[in-house]
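Just below is one structure, and these are the notes that go with it.
In the working numbering, the protein residues as written are 203 to 431.
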């Protein structure tokens, strides 16, 4: 009898799409909008420290990114709870779609900005604030979904788990997939950046909305990536 090829469950695919969006958006924000992160807050915290130490980095951009991300996470938790009360296990699609719409707003606001900036301009700071707000909400969504080996943003822990001696094979596969997908998203974002920051942000919004559609089809059922709570 031929072995059956395992296919990733819809929730896992949706989370991997969100992971790709992180790479796409960070390519636009870090490479194109003045070397500021909008999802990986470890980077912004380090940049704040570098700036305090006299390094030539955008302290204002890093501080704004951190503040907007925190606000997005705070508001995101509250919106997610409201959606859970209203939709039950079917809460992820509107939440993820909301993040996609915020990314689309960022893409529109970024239209006409140059391909790259050494330090963020005034309009770039506005775009960065919108993106960090969106990614803060997106991280609140990922935390609520509760998929430890697919966090969608920070892969350090996932990579460590991938190399753990007694890690389950499914967990290894998901962690490895997340690394590959985020790298691919970053590469795509860097490629699209040649047309200006609006291009990768528009692509990120489209992929985010595709993930929301997958969650909608998925319907809240549980798979190996973790429960939708």
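Backbone N, C-alpha and C fix where the C-beta goes; we use that ideal spot for every residue, glycine too.
- Under the DSSP assignment, residue 418 falls in the alpha helix (DSSP H) whose first and last residues are 400 to 420.
- When C-alpha distances from residue 337 are compared across 349, 322, 348 and 353, the shortest belongs to 353.
- Excluding residues up to 5 positions away in sequence, 221, 222, 224, 225 and 357 lie with their Cβ nearer than 7 Å to the Cβ of residue 384 in the same chain.
- Contact between residue 259 and residue 253 holds, with the beta-carbon distance rounding to 5 Å and staying under 8 Å.
- Take the alpha-carbon of residue 280 and the one of residue 334: they are about 17 Å apart.
- By the 16-neighbour rule on beta-carbons within 10 angstroms, residue 314 is exposed.
- In chain order, 249, 250, 253 and 254 place their CB closer than 8 Å to the CB of residue 261, counting only its own chain and leaving out the 5 sequence neighbours on each side.
- A straight-line Cα-Cα distance of about 18 Å links residue 302 and residue 394.
- Fully enclosed alpha helix (DSSP H) runs of no fewer than 4 residues occupy 243 to 254 and 261 to 289 of the stretch 231 to 300, in order along the chain.
- In this structure, the alpha-carbon of residue 373 lies about 25 Å from that of residue 339.
- When the five nearest sequence neighbours on each side are left out, the beta carbons in the same chain lying within less than 8 Å of the beta carbon of residue 398 are those of 234, 312, 313, 314, 315, 316 and 317, in order along the chain.
- In the DSSP annotation of this structure, the continuous segment of the alpha helix (DSSP H) that includes residue 346 starts and ends at 324 to 347.
- DSSP places residue 214 in the uninterrupted alpha helix (DSSP H) bounded by 212 to 228.
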